[in-house]
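Residue numbers (mature numbering (1 follows the signal peptide of the UniProt record, and there is no 0)): -19 to -1, 1 to 557.
The structure is reproduced here in structure tokens:
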């Protein structure tokens, strides 16, 4: 987190439940149903946007402290770190708690009070057994009310969930303490619930800090010596540990890699002199280059996502706007010509139905556009042997117009919808790579931020992709005014940039409805609001964004806010 930014005050919201993964009808480009399974899955995450719906009434919770708890304090370094000051309404203190000094590799935090060169000594930590502690985390937010922290649980029937959560208390001397508390949470019906989240209201753009329960596997972790050059006052430098000597897991671990918990820390740090020379004093330096966890198939691809201008790409489906029937090749050609005229460089398609690849591909080649192609996973399953998936893989491999393809997207919110587990989706990606071996460009998936923050997703998927692909819809955060949409999206991209080491994020679906029946909090649909939102997104991160979508879709269900038929942005971009 960059020094000098005041920590936002946050108040604990006890016993509330916040629904995640609001199902957008526009995400249902093909019919999707909820899988009928039993049980529940606990997801460690924090919420910065997309859905922020609250079940009514919220279920009650009861908490008792675990037999051991860990108190987090800043790590020691050559320069004493400063404890950030916060004001908060604390959660109820556990009835009993015991401070346990557990050696864990929480990232080393150093505050550099004045400009200059600092040497941060090497540190080694040995973890004898799997240990869960609170790790301070931050997220960049725009003005408004936000919900962060907590443990999100998805249940498909009434059940009671027991899980560890992080609580925050402020001691009389002003020291803020984070403690792991074992909580029993009653879910009265099927749905998505967040246990012990924190709500915070901020009046200006800033970083909000909160604790996250984090597990470390046994092993030895090292933070190497760092030499950094600082060009500003009160600069906060965070150095994560790297693991060594860890045994190979026999199954997918809950936390795939210990240092990954710092993915949400908003730090702009100078480059390490042991790796490369720091930038000049008068410029603000950036984070050290992260190493890539796996080799990427780059092929003809230049290693970056985006292009010139401020509206890089747009989503397109060859369906009639009124009926949902397949468009003719001539109508597709006319649409693609209009997309090119409006200044776009790529078109994202989702599947192979309606002769998408031949019709859209031919039109893109004719008018000088590239494509982001997709394989769509439905409720019928994630296996490569599923008839609908096999049919798509065969169609793509036979089409094989790889010179048109900028990016291959396997699945669209398939983990979020319960159609794939992360491991199943990783297997599907491997199969696609094998069947489409002539394609040597990059791969990704399209999921929401909260799915990427589940450690199991990163553990299974990061090695199989080249970019961290996400669908980011600011309208579904009720605190977002249309004029702030771009800042919100940019903040989420910054978080996603740190999920998979060395792999930047891409915004694969992002827009604002031009009509609707009601507002979602501060987020209101409408022509002028769409114009404000798209302008904001263009200015902040338009070169990294695929806008949603080309035309309206009257054949869809109106949805909760009466807006799902009205995401077409053709008129707006034609007016530029």
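Beta carbons are placed, not taken as given, at the ideal position from N, Cα and C, and that holds for glycine.
What is the residue span of the beta strand (DSSP E) that residue 194 lies within?
The count along the chain shown starts at 1 and reaches residue 194 at position 213. Here the beta strand (DSSP E) through residue 194 covers 187 to 197.
When the Cα atoms are used, what is the spatial distance from residue 538 to residue 499?
Your numbering for residue 538 matches position 557 in the chain shown. Your numbering for residue 499 matches position 518 in the chain shown. Distance between the alpha carbons of residue 538 and residue 499 is about 15 angstroms.
Could you compute how far the alpha carbon of residue 105 sits from the alpha carbon of residue 96?
One-based indexing of the chain shown puts residue 105 at position 124. One-based indexing of the chain shown puts residue 96 at position 115. Computed Cα separation, rounded: 27 angstroms.
Between the Cα of residue 186 and those of 479, 125 and 92, spot the shortest distance and give me the residue it belongs to.
The residue you call residue 186 lines up with position 205 of the chain shown. The option with the nearest alpha carbon to residue 186 is 125.
Could you tell me which uninterrupted alpha helix (DSSP H) segments, each at least 4 residues in length, are contained entirely in the segment 390 to 474, listed from first to last along the chain?
List check, alpha helix (DSSP H) in window: 403 to 416, 430 to 433 and 436 to 442.
For the 8 angstroms Cβ check, are there 3 or more pairs between the segment 343 to 354 and the segment 314 to 334?
Contact holds: three or more Cβ-Cβ distances are below 8 angstroms.
Using the Cα positions of residue 455 and residue 522, report the straight-line distance between them to the nearest angstrom.
For the purposes of this step, residue 455 is identified with residue 474 of the chain shown, where counting begins at 1. For the purposes of this step, residue 522 is identified with residue 541 of the chain shown, where counting begins at 1. Using only the alpha carbons, I get a separation of about 13 angstroms.
Once DSSP output is grouped into helix, strand and coil, what is the label at residue 479?
As a working mapping, residue 479 is identified with position 498 in the chain shown. Coil.
Classify residue 544: buried if its beta carbon has 16 or more other beta carbons within 10 angstroms, exposed otherwise.
For the purposes of this step, residue 544 is taken as the residue at position 563 of the chain shown. Buried, since its Cβ has 16 or more Cβ neighbours within 10 Å.
Applying the 10 Å Cβ sphere with the 16-neighbour rule, what's the burial state of residue 304?
To locate residue 304, count along the chain shown from 1; it is residue 323. Flag for residue 304 reads exposed.
As a quick exercise: from 130, 312, 333 and 298, pick the residue whose alpha carbon is nearest that of residue 190.
Residue 190 sits at position 209 when you count from the first residue of the chain shown. Among 130, 312, 333 and 298, the Cα nearest to that of residue 190 belongs to 130.
For residue 466, count the other beta carbons within 10 Å of its own beta carbon; 16 or more makes it buried, fewer makes it exposed. Which is it?
Locating residue 466 in the chain shown gives position 485, where the first residue counts as 1. It counts as buried.
Can residue 527 and residue 489 be called in contact, C-beta distance under 9 angstroms?
Within the chain shown, numbered from 1, the residue matching residue 527 stands at position 546. Within the chain shown, numbered from 1, the residue matching residue 489 stands at position 508. Yes, the pair counts as a contact, with Cβ atoms nearer than the cut-off.
With a threshold of 16 other CB atoms inside 10 Å of the CB of residue 549, please say whether the residue is buried or exposed.
Along the chain shown, one-based indexing puts residue 549 at 568. Buried, since its Cβ has 16 or more Cβ neighbours within 10 Å.
In the DSSP output, what is residue 114 paired with across the bridge?
As a working mapping, residue 114 is identified with position 133 in the chain shown. Note: residue 114 sits in a beta bridge opposite 195.
Among 435, 497 and 493, which residue has its Cα nearest to the Cα of residue 477?
To locate residue 477, count along the chain shown from 1; it is residue 496. Checked all of 435, 497 and 493; the closest Cα to residue 477 is 435.
Hey, how far is the Cα of residue 558 from the Cα of residue 540?
Here the chain comprises residues numbered -19 to 557, so residue 558 is not present and cannot be evaluated.
Below 9 angstroms between beta carbons: does that hold for residue 127 and residue 183?
Counting from one through the chain shown, the residue named residue 127 turns up at place 146. Counting from one through the chain shown, the residue named residue 183 turns up at place 202. The answer is yes: Cβ separation under 9 angstroms.
Assuming contact is defined by CB atoms lying nearer than 9 angstroms, are residue 562 and residue 365 in contact in what I supplied?
This structure leaves residue 562 out entirely; the chain is present only between -19 and 557.
Under a Cβ-count criterion, where at least 16 other Cβ atoms within 10 Å of its own Cβ denotes burial, should residue 342 be classed as buried or exposed?
Taking the first residue of the chain shown as 1, we reach residue 342 at position 361. Residue 342 should be labelled buried.
Could you tell me which uninterrupted alpha helix (DSSP H) segments, each at least 4 residues in length, are contained entirely in the segment 293 to 366, listed from first to last along the chain?
Segments of the alpha helix (DSSP H) lying fully in the segment 293 to 366: 310 to 322 and 337 to 348.
For a quick check, are the C-beta atoms of residue 533 and residue 206 less than 9 angstroms apart?
Mapped onto the chain shown, residue 533 falls at position 552. Mapped onto the chain shown, residue 206 falls at position 225. Contact: no.
Where do the N-terminal and C-terminal ends of the beta strand (DSSP E) with residue 486 fall, by residue?
For the purposes of this step, residue 486 is taken as the residue at position 505 of the chain shown. Per DSSP, residue 486 belongs to the beta strand (DSSP E) from 486 to 491.
Count the other C-beta atoms from every protein chain shown that fall within 10 angstroms of the C-beta of residue 290, then say buried if there are 16 or more, exposed otherwise.
As a first step, residue 290 is located in the chain shown; it is residue number 309 there, counting from the start. Under this definition residue 290 is an exposed residue.
Compute the distance between the beta-carbons of residue 385 and residue 450, then report whether it is under 9 angstroms.
Here the question's residue 385 lines up with position 404 in the chain shown. Here the question's residue 450 lines up with position 469 in the chain shown. Their beta carbons are not under 9 angstroms apart, which means residue 385 does not touch residue 450 by this criterion.
Alpha carbon to alpha carbon, what distance is there between residue 502 and residue 460?
Position 479 of the chain shown, counting from 1, holds the residue named residue 460. Position 521 of the chain shown, counting from 1, holds the residue named residue 502. Each residue's Cα considered, the two are about 6 angstroms apart.
Please state whether DSSP places residue 505 in a helix, a strand or coil.
In the chain shown, counting from the first residue as 1, residue 505 sits at position 524. Of the three classes helix, strand and coil, the one that applies to residue 505 here is coil, per DSSP.
Does residue 119 pass the burial test, meaning 16 or more other C-beta atoms within 10 Å, or should it be called exposed?
Here the question's residue 119 lines up with position 138 in the chain shown. So residue 119 counts as buried.
Just to confirm my understanding: we take residue 48, look at its own chain, exclude 5 residues before and 5 after, and list those with CB closer than 7 angstroms. What are they?
By one-based count along the chain shown, residue 48 stands at place 67. Residue confidence for residue 48 is low, a pLDDT of 35 falling below 50, so the modelled location carries little weight; the figure read from the coordinates is stated next. Nothing listed; no residue qualifies.
Is the separation between the beta-carbon of residue 176 and that of residue 203 shorter than 9 angstroms?
For the purposes of this step, residue 176 is taken as residue 195 along the chain shown, with counting starting at 1. For the purposes of this step, residue 203 is taken as residue 222 along the chain shown, with counting starting at 1. For residue 176 and residue 203, no; Cβs fall outside 9 angstroms.
Going by C-alpha distance, which of 312, 107 and 90 is nearest residue 559?
Nothing in the structure corresponds to residue 559, since the chain is present only between -19 and 557.
Where do the N-terminal and C-terminal ends of the beta strand (DSSP E) with residue 528 fall, by residue?
By one-based count along the chain shown, residue 528 stands at place 547. Looking at the DSSP string, the run of the beta strand (DSSP E) that includes residue 528 is 526 to 528.
State yes or no: is the C-beta of residue 145 within less than 9 angstroms of the C-beta of residue 137?
For this step, residue 145 is matched to residue 164 along the chain shown. For this step, residue 137 is matched to residue 156 along the chain shown. No, the pair does not count as a contact, with Cβ atoms beyond the cut-off.
For residue 515, which of helix, strand or coil comes out of DSSP?
Here residue 515 refers to the residue found at position 534 when the chain shown is read from its first residue. Correct three-state label for residue 515: helix.
What's the call for residue 381, buried or exposed, on a 16-neighbour Cβ count within 10 Å?
Reading the chain shown from its first residue, position 400 is the one you call residue 381. Classification of residue 381: exposed, given that the 10 Å Cβ count is below 16.
Quick check on DSSP: helix, strand or coil for residue 387?
Against the chain shown, residue 387 aligns to sequence position 406. Strand at residue 387.
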